[in-house]
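**Q**
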Amino acid sequence: MAAPAKIINSTRSWLGRHRLLAVFSILSLLVVLFIIIPLAKLIFVSNKGDLWQALLDPTTMKSILLTLYAALITAAIGFLLGVPLAYLLARNSFPLKGVVEGLIDLPIVVPHTAAGIALLFVFGRNFLLGKWFNAIGISFVDSVAGIVIAMLFVSVPFLINSAKDGFRKVDVRLENVARTLGASPWQVFYRVTFPLAWRSILAGTLMMWARGISEFGAVVILTYYPMVTSTLIYERFASYGLTQAVPVAAILVIICAFIFIGFRFVLQRDRKRD
Amino acid sequence: MIELKNLRVKIAAFLLGQIDLVVPKGDYTVILGPTGAGKTILLETIAGLHALNQGQIILDGKDVTTTVPEARGVSIVYQDYALFPHLIVKENIVFGLRVRHTPKPQIDEALVWIAGLFEIQPLLNRLPASLSGGERQKVALARALITRPQILLLDEPLSALDAQSREEMRSQLKMMHAKLNITTLHVTHDFEEAMSLADTIVVINQGKIAQVGAPTEIFYHPSSEFVARFTMARNIFSGKVAGRDNNGSVFKCGGIEIFTSSDKPQAGLAVIRPEMVQLTPEKPVPGANSFPGTVKTIVDKGANILVTVDCPPQFECLLPRQQFERTAINSGSPVYISFLPSAVHLI
């Protein structure tokens, strides 16, 4: 009887000393389970045969490849346009900078279907930019370009914010020293600032890519066909019910998980090397 | 040579200027001032990192007021050395030559020369994070000097070091300056550092030059109360000149009369450095200013002892430890303080 009493007492005394840690751990566990359980359930509810069948189905395969490819193009465009903006925001002050920073975050908070409609008003065939691009043979409705535009709109803030934080962490004096040593502003950027901020930029780009892969609301308004995976899941669910939607959804979740595990691995390996 | 003419720079709420200064070629000038005086901004302005609101910067006869930093021939070394953390020491050092597209054999030759000058050959393949403060500073200096700049700017280069490394680096800086004879502008808030390194000291306060002169000039003849206080003159009394004769004048302050060899007709302050004040248990020989008083506090400063004596007014005397121990005084002891008329500087 003495041993259990001792354990209870020592547990009580540990809890007494680490009350905050104990409460926070329980609350944290709830959140982690809340995230893990539905995703795990989704993956394990479908049997292996269904998953293989879904993977071998040309429509699903085509849709997954299209999604990955469109999100990759989106990330590349975001990188090309977002990195310079992030640098300007991190290093310079200019009129309405606060407004610009606020606007960048807007696509994250507006409903993505609303974002899709907003994009349609600009890139639709009968609207402003849509007309111009149509004239040179690019249409944003029911096309890969439309998917890219929708993905770009909702995911570029992740890259801009992450890259901006990365640039801010680079000591300005390193850039100053580089200038006095004879480096032009371009040389300072690619030899000092960019290499030092690259981890944040990479994190932002991968986040953007992953966000692009999972986008549904904005894409479905601009481009129902060709079908990205999230639209395919919706279509299968609406037309054939849960059983048809689950394997495709599970595959998408597995792909996203792999991207994130790979991304963590790359960042961690790099941190160790530093 | 550095010539600054009517220089004025405004950054947010801080105004630097107006600054007029000439640093002769090959001179080691120390900019001395408290934190927030504008010393770093002045260096960065000379390097071309801040736009001027007014004025001109002329380096070795060439007006560089609007020249970009990379074309000025000026190198800067910051307090914590700002080594590129992602590059190994060797890559840090040759950075300036690489960006100028210097041919590789020349880069290798320059690297051998500079690594030999600072004796840092064993560090070349290490990352900055693995270096000690002293090693980082040597690398930062090597990086700054490998491009053979006309001007070297040092922003508090010794502040981040421990006392022993600081001593060592002072000698390194002296050695470097003697060998390369490069015009150097060194910023510090440490008066001792300025005294030990400078050919010329420029005292700066609130964005303006307070005094320019040789170290002894600044030390013994401060031009203002600020400079006197900043250089730790300690005994500063306000009063007025009460009379003059061939040997000097009499300065009246706080109920006492101080004889000074200064022939300044008008002055509001008398400054006596604490090192110049003698402390004796007995009345000293006539000829010097001498006042009886009581020892109020004794502060041990290691090599020296700071003794406050209430006369009144209150005098502070800095005695070498050996001398202090000979006098065998304690707090509350009756003593005499004395100082020569030539030790009294009037402002």
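So the sequence lines, in the order shown, correspond to chains A and B. Start counting the first sequence at 1; every next residue gets the next number (our numbering). Start counting the second sequence at 1001; every next residue gets the next number (our numbering). Idealized CB from N, CA, C, for every residue including glycine. Computed from a predicted structure; not experimentally measured.
From which residue to which residue does the alpha helix (DSSP H) around B:E1156 run?
**A** Here B:E1156 belongs to no alpha helix (DSSP H), and DSSP marks it neither H nor E.
**Q** Just list the residues that DSSP pairs B:S1338 with in beta bridges.
**A** BP columns for B:S1338 point to B:Q1278, B:S1290.
**Q** What does DSSP give as the partner residue(s) for B:Y1028 in the beta ladder?
**A** Looking at the DSSP assignment, B:Y1028 forms a beta bridge with B:T1184.
**Q** The beta strand (DSSP E) with B:K1208 in it runs from where to where?
**A** Its beta strand (DSSP E) spans residues 1208-1213.
**Q** Kindly give me the distance between the Cβ atoms of B:Q1357 and B:Y1081, rounded to whole angstroms, as I take these residues to be in contact under 8 Å.
**A** Residue 1357 of chain B cannot be examined here, being either before or after the span of chain B that is shown, 1001 to 1347.
**Q** Are there three or more Cβ pairs, one per stretch, closer than 8 Å when the region 1176-1183 of chain B is compared with the region 1024-1035 of chain B?
**A** Taking 8 Å as the limit for Cβ pairs, the verdict is that the region 1024-1035 of chain B does touch the region 1176-1183 of chain B.
**Q** Closer than 6 Å by C-beta to B:A1115: which residues in its own chain qualify, once you throw out the five before and the five after it? Chain order, please.
**A** The answer, listed in chain order, is Q1121.
**Q** Between A:A203 and chain B, is there a C-beta pair that is closer than 7 Å?
**A** So no, A:A203 is outside the interface.
**Q** Measuring CA to CA, which of A:N47, A:F79, A:P195 is closest to A:L206?
**A** For the residues A:N47, A:F79, A:P195, the minimum Cα distance to A:L206 belongs to A:F79.
**Q** Output needed in chain order: residues of the region 1097-1114 of chain B with a Cβ under 7 Å from some Cβ in chain A.
**A** So the close ones are V1099, R1100.
**Q** Report all residues from its chain with a CB closer than 7 Å to the CB of B:L1083; omit the five preceding and five following residues, and keep chain order.
**A** Within the same chain, B:L1083 has close Cβ partners N1092, P1128, R1136, V1139, A1140.
**Q** Drop a sphere of 10 angstroms on the beta-carbon of B:P1103, count the other beta-carbons inside from all chains shown, and report buried for 16 or more, exposed for fewer.
**A** B:P1103 should be labelled exposed.
**Q** Helix, strand or coil: how does DSSP classify B:E1003 here?
**A** Strand, per DSSP.
**Q** Using only the alpha-carbon positions, how far apart do A:A145 and A:R91 sit?
**A** One C-alpha to the other measures close to 32 Å.
**Q** Closer than 7 Å, CB to CB, is A:L120 near chain B or not?
**A** Judged by the 7 Å Cβ criterion, A:L120 is not in contact with chain B.
**Q** Is B:E1325 buried or exposed, if buried means 16 or more other CB atoms sit within 10 Å of its CB?
**A** With fewer than 16 Cβ atoms within 10 Å of its Cβ, B:E1325 is classed as exposed.
**Q** Identify, in the order they occur along the chain, each residue of the same chain with its Cβ nearer than 6 Å to the Cβ of B:E1003, setting aside the five sequence neighbours on each side.
**A** Excluding sequence neighbours, B:E1003 sits near V1022, I1058.
**Q** Quick one: which chain B residues come within Cβ less than 8 Å of A:L181?
**A** Correct list: E1070, S1075, F1095, G1096, V1099, R1143, A1144, T1147.
**Q** Mind checking who B:G1268 pairs with in its DSSP beta bridge?
**A** According to DSSP, which records beta bridges pairwise, B:G1268 is partnered with nothing at all.
**Q** Give me the residue from B:A1303, B:F1237, B:K1252, B:I1236 with the minimum Cα distance to B:G1243.
**A** Ranking the options by Cα distance to B:G1243, first place goes to B:K1252.
**Q** Confirm, please, whether the CB-CB distance from A:S63 to A:L232 is below 7 Å.
**A** It is a contact, given that the beta carbons lie within the stated cut-off.
**Q** Just to confirm the assignment, what range does the alpha helix (DSSP H) spanning B:N1125 have?
**A** First-last for B:N1125: undefined, no H or E at that position.
**Q** Closer than 7 Å between beta carbons: that is the criterion. Which residues of the region 1173-1187 of chain B meet it against chain A?
**A** Within the region 1173-1187 of chain B, no residue qualifies.
**Q** Any residues in the region 158-190 of chain A with a beta carbon nearer than 8 Å to a beta carbon of chain B? Which ones, in chain order?
**A** Correct list: D171, R173, L174, N176, V177, A178, R179, T180, L181, G182, A183, S184, Q187.
**Q** Which chain A residues sit within Cβ distance under 7 Å of B:H1086?
**A** What B:H1086 touches in chain A: P195, L196.
**Q** Label A:W52 either buried or exposed according to how many other C-beta atoms from any shown protein chain fall within 10 Å of its C-beta, with 16 as the threshold for buried.
**A** Result: exposed.
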